[in-house]
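Okay, structure first, notes after.
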Ligand SMILES: Nc1ncnc2c1ncn2[C@@H]1O[C@H](COP(=O)(O)OP(=O)(O)O)[C@@H](O)[C@H]1O
Ligand SMILES: [Mg+2]
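Numbering (the working numbering), first residue to last: 25 to 465.
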């Protein structure tokens, strides 16, 4: 289960940070309870992951109010909301459970509209802000609007909201409070975590509690968390996902587990092999394990090569099985303990993940156009080009100019040297332009 859900505070008093915002929210709710709210709606706004949605629901829970989620993009829902919003006048309100509650007892319904700043795109002008404004004007029930961007909400048609609503800002949550929360979660999960690690998590999340909890959970596949695990945090989700899979592949001694991880990961085999190649030495300490692992890897590589040459993609699965299952069983015993893995050097210079495939495709398109062949066919030329570029920077620079390659596409061909060669290409282009200027008659 996702820890952000598991540890979502049920009561406002458990929401950390934002003392002032919580007080204002409480004050407003008490006004409603007494039946004389100064504003009928509040806008909770601020960065993601600081507790806006949580606070709205926690408030309802604390006051024993029923929550009605409002969804502006749904027409039927909108009518139902209108009806509910308008029927608060009578003393008795019928709950969703069919039981009457007296509104004198404060049995209100809290109408919550989350992501209110995205309204326009979702529902258009009519279903969007206009409808909200009308609802707020007439409502007999408290309304909470939630937005990341206050100004997006009150711009244009939304201007009226400024006067109709009480705006409450949710600020970033302080590092100390986040560390304390993480510590508490660790205790509840029976995890022993180095305080320096929690500190690093809290620093990195920059006031975003949701990210902090997610980061913690992503590292907590073992009961003892050390401070060097912070090196995992620098990566985006996709990269982290790959690291996690890599860990399970390289730690496992069981072929099927390793192969299943590869399937789950859904990464192209020619990427995956780079990751595995880069990280086998980090994990495998015994020389004979290493040698055997690389044997499997090179066989996988042969299959990959055939896949491309023959355009026979059935071979892909063999390659994948060899590089994961094969490498996993290549070791005699398990390697315990934490290993910090590395990003493949070859890929380091470019933004990774999905972009990788896109870049390769774009590159193939450009090559195809130049060589008058399909981009699928052009994929075949890439390894050859890579080989030539490896030892010939000048050639690489000229290719970059001829094909009008972006830096990323160039990086695909030349790896770590891309920046350098790109600059060289730029200089070359300039020079050619100048000579063109002087040469024309
Ligand atoms: N102030 C907070 N106190 C405790 N947990 C929080 C806080 N803010 C966020 N969280 C955690 O992050 C998750 C997402 O928070 P949420 O309220 O949806 O953020 P927002 O609506 O501001 O983007 C919650 O389920 C909870 O686990
Ligand atoms: Mg939210």
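Every residue, glycine too, gets a C-beta built ideally from N, C-alpha and C.
In the three-state reduction of the DSSP assignment, residue 189 falls in the strand class. The C-beta of residue 159 has 16 or more other C-beta atoms within 10 Å across all chains shown, which makes the residue buried.
Residue 67 is positioned such that its CB atom lies closer than 8 Å to that of residue 169. Going by beta carbons, residue 399 and residue 388 fall inside the 8 Å limit. Using a C-beta cut-off of 8 Å, the region 34–43 makes contact with the region 66–86, since at least three inter-stretch Cβ pairs fall below that distance. Shown here, residue 349 sits in a helix according to DSSP, grouped into three states. Between residue 365 and residue 306, the C-beta gap is smaller than 8 Å, which places the two residues in contact. Between the C-alpha atoms of residue 441 and residue 367 there is a straight-line separation of about 16 Å.
By the Cβ test, the region 422–438 is in contact with the region 382–397, since at least three Cβ pairs between them sit closer than 8 Å. Look at residue 69 here: in three-state DSSP terms it is strand. If you check the C-beta of residue 170 against ligand 2, you find a heavy atom less than 7 Å away. Rounded to whole angstroms, the Cβ separation of residue 218 and residue 249 is 6 Å, and the two are in contact under 8 Å. Under DSSP, residue 217 takes part in a beta bridge, and its partners are 249. Between residue 252 and residue 297, the gap from beta carbon to beta carbon reaches 8 Å or more. Distances taken from the Cβ of residue 76 to the heavy atoms of ligand 2 include one shorter than 7 Å. At the C-beta level, residue 449 and residue 425 come within 8 Å of one another. 8 Å or more divides the Cβ of residue 283 from the Cβ of residue 257. Three or more Cβ pairs closer than 8 Å define a contact, and the region 265–280 falls short of that threshold against the region 54–66. Close CB contacts of residue 178 within its chain, under the 7 Å cut and outside five residues either way in sequence, are with 185, 186 (chain order).
Excluding residues up to 5 positions away in sequence, 81, 84, 134, 136 lie with their Cβ nearer than 7 Å to the Cβ of residue 91 in the same chain. The continuous alpha helix (DSSP H) containing residue 282 extends over residues 279–289. Residue 257 carries a helical assignment under DSSP once its states are collapsed to helix, strand and coil. Distance from the CA atom of residue 244 to the CA atom of residue 207, rounded to whole angstroms, is 13 Å.
The Cβ atoms of residue 164 and residue 109 sit closer than 8 Å to each other. It is roughly 37 Å from the alpha-carbon of residue 295 to the alpha-carbon of residue 455. Comparing alpha-carbon positions, the option among 336, 342, 311 lying closest to residue 323 turns out to be 342. Here the C-alpha atom of residue 47 lies approximately 34 Å from the C-alpha atom of residue 216.
Here residue 237 is actually not in contact with residue 192; their C-beta atoms are around 23 Å apart, not less than 8 Å. Sixteen is the threshold: when 16 or more other Cβ atoms of the shown chains lie within 10 Å of the Cβ of residue 303, as they do, the residue is buried. Not one heavy atom of ligand 2 lies closer than 7 Å to the C-beta of residue 223. Of the candidates 254, 221, 202, 212, 202 places its Cα closest to the Cα of residue 231. Distances from the CB of residue 138 to the heavy atoms of ligand 2 include at least one below 7 Å. Annotated three-state conformation of residue 132 is coil, per DSSP. Residue 44 has its alpha-carbon roughly 10 Å from the corresponding atom of residue 195. Residue state for residue 315 is assigned as helix, using DSSP reduced to three classes.
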